[in-house]
Amino acid sequence: MGKSRILVLSLFLIYLLLPVFSELKAGGPKLEFSETSWDWGRVPQNSFVYHKFWLKNVGTDTLRGLKVRVA
Amino acid sequence: MKKTELAIGDSTKLEISYYTGSAVTRERKYVQVISNDIASGYNRLEVTAEVKPKPDTMLTLSYSPYILEFVEEKGGRLKEKKVEFRNIGKEEYRFQIIDYPKGLFEAKLSREILKPGEKLELKVKPEKRFPPDTVKKSITLKVKGKKEFRITIPLKKEKPSVASLPSVKGK
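From first to last, the protein sequence lines are chains C and D. Here the numbering used here is used: the first residue of the first sequence is 412, the next is one more, and so on. Here the numbering used here is used: the first residue of the second sequence is 1419, the next is one more, and so on.
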C-alpha cells in the first residue's frame, strides 16, 4: 500500500513538472524583424526600388542556417 | 544578407531590391526567411508596390522627375538633385520622408505641408564618401491628404564608363 502511494505521488509530481521541463526545452533561437511588410506605394515603371529590413536574434541560442527565398 | 548565423542579441540587415517592370499594376511579393528558429514557424516578409505610368495622372499632385539619376562629374563629385512636387488639386498634403538610404544620401524636404497651388522640393544630396560602383536605391515618402499614400523615388548612380581611345600609331 505504501509503495503504491509513493508511486502515485511520484507520477503526480512528474505530471506537475512536465510543463516546466517543456518550457526550458522551448528556449532556443528566435528571429525578430524590424517590420514584416513594406509598401513602396506609387513607383515608376522600369525602375529599382529598395528597402532594408533588420533581423535580430532575440532568443536564447545561436540562430543558424539563415537564408532567404523569394516566394 | 551577409550573415548566415546570428549570436544571441546579434542582428543583420536584409536588403530587398525590386524591379518594377513595365506593367502598370499593383504588385505583391513575398520573401521567405529560413533558419533554425522552428518555434516561430513560417517567417515571411511581404513587399508591395503600385507601378504607375509617367506621368501619374491619378493624383492631384504632380511631380518631376520620377527617378533621380546622379552623374559623376570631374573629380568624382556628385551634385545634389531635387524632385519638385506641385499641388494641382484642392486639398492640402502633408509630406514625410519615411525611408532613405542612410550613409549614402541625405534627404530633406523644403517644407512639410503643401497647400493647393504651391510647390515643395525634395532635395537629395549624396554623402561625401560615395562608392564608385553602380548604386540603385530609393526614397519613400508618406503623403497625407484626405487619404494617406506613399510615393517612392528611385535613385540611380551608374558606374562611370571608361571611354576607349583609338589607337595612335607612332611615326
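The C-beta atom is built at its ideal place from N, Cα and C for all residues, glycine as well. All of these numbers come straight from a predicted model, not from anything done at the bench.
Three-state secondary structure assigned by DSSP to residue i
i: residue 1518 of chain D; result: coil
i: residue 1485 of chain D; result: coil
i: residue 427 of chain C; result: helix
i: residue 416 of chain C; result: helix
i: residue 1563 of chain D; result: coil
i: residue 1587 of chain D; result: Summary for residue 1587 of chain D: the model assigns pLDDT 49, below 50, so the residue's position carries little reliability; its value from the coordinates is reported in the next sentence. Residue 1587 of chain D: coil per DSSP, three-state reduction.
i: residue 1494 of chain D; result: helix
i: residue 465 of chain C; result: strand
i: residue 477 of chain C; result: coil
i: residue 421 of chain C; result: helix
i: residue 1552 of chain D; result: coil
i: residue 1465 of chain D; result: strand
i: residue 1442 of chain D; result: coil
i: residue 443 of chain C; result: strand
i: residue 1506 of chain D; result: coil
i: residue 1528 of chain D; result: coil
i: residue 452 of chain C; result: strand
i: residue 1479 of chain D; result: strand
Cβ-based neighbour list, residue i, same chain, cut-off 7 Å, excluding 5 preceding and 5 following
i: residue 1502 of chain D; result: 1481, 1482, 1537 and 1539
i: residue 1464 of chain D; result: 1446 and 1448
i: residue 1531 of chain D; result: 1510 and 1512
i: residue 1515 of chain D; result: 1525, 1527, 1557 and 1559
i: residue 1430 of chain D; result: 1419, 1420, 1421 and 1424
Interface partners of residue i on chain D, CB under 8 Å
i: residue 448 of chain C; result: 1463, 1464, 1465 and 1466
Partners in chain C for residue i, counting only beta-carbon separations shorter than 8 Å
i: residue 1432 of chain D; result: 463, 464, 465, 466 and 479
i: residue 1570 of chain D; result: 451, 452, 453, 454 and 460
i: residue 1470 of chain D; result: 453, 454, 455 and 456
i: residue 1447 of chain D; result: 481 and 482
i: residue 1442 of chain D; result: 456
i: residue 1421 of chain D; result: 477
Local Cβ density within 10 Å of residue i, reported as buried at 16 or more and exposed below that
i: residue 427 of chain C; result: exposed
i: residue 447 of chain C; result: exposed
i: residue 1505 of chain D; result: buried
i: residue 470 of chain C; result: buried
i: residue 1517 of chain D; result: buried
i: residue 1455 of chain D; result: buried
i: residue 468 of chain C; result: buried
i: residue 418 of chain C; result: exposed
i: residue 1467 of chain D; result: buried
i: residue 1438 of chain D; result: buried
Residues that residue i contacts on chain C, provided the C-beta gap is smaller than 7 Å
i: residue 1517 of chain D; result: 462
i: residue 1551 of chain D; result: Neighbours of residue 1551 of chain D on chain C: none; closest Cβ ~14 Å, over 7 Å.
Beta-carbon contacts of residue i that lie in its chain and below 8 Å, excluding the five residues immediately before and after
i: residue 1452 of chain D; result: 1461
i: residue 1498 of chain D; result: 1541, 1542, 1543 and 1544
i: residue 473 of chain C; result: 440
Neighbourhood of residue i by C-beta distance below 6 Å, restricted to the same chain and skipping five residues each side
i: residue 1524 of chain D; result: 1543
i: residue 451 of chain C; result: 460
i: residue 1478 of chain D; result: 1506 and 1507
i: residue 1472 of chain D; result: 1484
i: residue 435 of chain C; result: Reliability fails at residue 435 of chain C, whose pLDDT of 47 lies under 50, so the model's placement of it is uncertain and the value that follows must be treated cautiously. Within the same chain, residue 435 of chain C has no close Cβ partners at all.
i: residue 438 of chain C; result: 471
Chain-ordered neighbours of residue i on chain D, where CB pairs are closer than 7 Å
i: residue 427 of chain C; result: By Cβ distance, chain D contributes nothing, its closest Cβ being about 23 Å from residue 427 of chain C, past 7 Å.
Cross-chain neighbours of residue i in chain C, by beta carbon under 9 Å
i: residue 1511 of chain D; result: None at all; the shortest Cβ gap to chain C is about 13 Å.
i: residue 1425 of chain D; result: 468, 473 and 474
i: residue 1556 of chain D; result: 451, 454, 458, 459, 460, 461 and 462
Under 8 Å by beta carbon: chain B residues contacting residue i
i: residue 1485 of chain D; result: Here chain B cannot be found, since the structure's protein chains are C and D.
Contacts that residue i makes with chain D (C-beta to C-beta distance below 9 Å)
i: residue 441 of chain C; result: 1455, 1457 and 1458
i: residue 444 of chain C; result: 1432, 1451, 1461 and 1463
Indicate whether the contact test is met: 3 or more Cβ pairs, each with one atom in the segment 1433 to 1441 of chain D and one in the segment 459 to 479 of chain C, closer than 8 Å. yes
Would the segment 1487 to 1494 of chain D and the segment 417 to 424 of chain C be scored as touching if the rule is three or more Cβ pairs under 8 Å? no
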